[in-house]
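Since the structure comes first, as structure tokens, the remarks are kept for the end.
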């Protein structure tokens, strides 16, 4: 039914938003805060790096949906488009 499809689409969009946000926030933190420029697949073989990455990814994974919910429930945006001739 159309309602189920809308609910599924909204759920998938929320999960996609959270996933992309998590990856971007974690990568930005590693690149810009810790200034690790040479992060590649071999960096994940290092246990300290892997542990830091996983801790930050977990924190962002728990935080981003909550922040999104708070913003969605407390902030509204309305636009009025007026065509002037």
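In the working numbering, the protein residues as written are 54 to 138.
Just so it is clear, CB atoms sit at the ideal spot from N, CA and C, and this is done for glycine as well.
Every value quoted in this text rests on a predicted model; they were computed, and no experiment measured them.
Beta-carbon spacing of residue i, residue j below 8 Å
i          : j           : result
residue 64 : residue 83  : no
residue 79 : residue 109 : yes
residue 71 : residue 117 : yes
Assigned secondary structure, residue i (DSSP; H/G/I helix, E/B strand, else coil)
i           : result
residue 103 : helix
residue 61  : helix
residue 70  : helix
residue 98  : helix
Environment of residue i [buried if 16+ CB atoms lie within 10 Å]
i           : result
residue 75  : buried
residue 86  : exposed
residue 113 : buried
Residue i Cβ short of 7 Å to the ligand GTP heavy atom set
i          : result
residue 71 : Inclusion of the ligand GTP in the displayed structure is not the case, the ligand content being empty and no account of it being possible.
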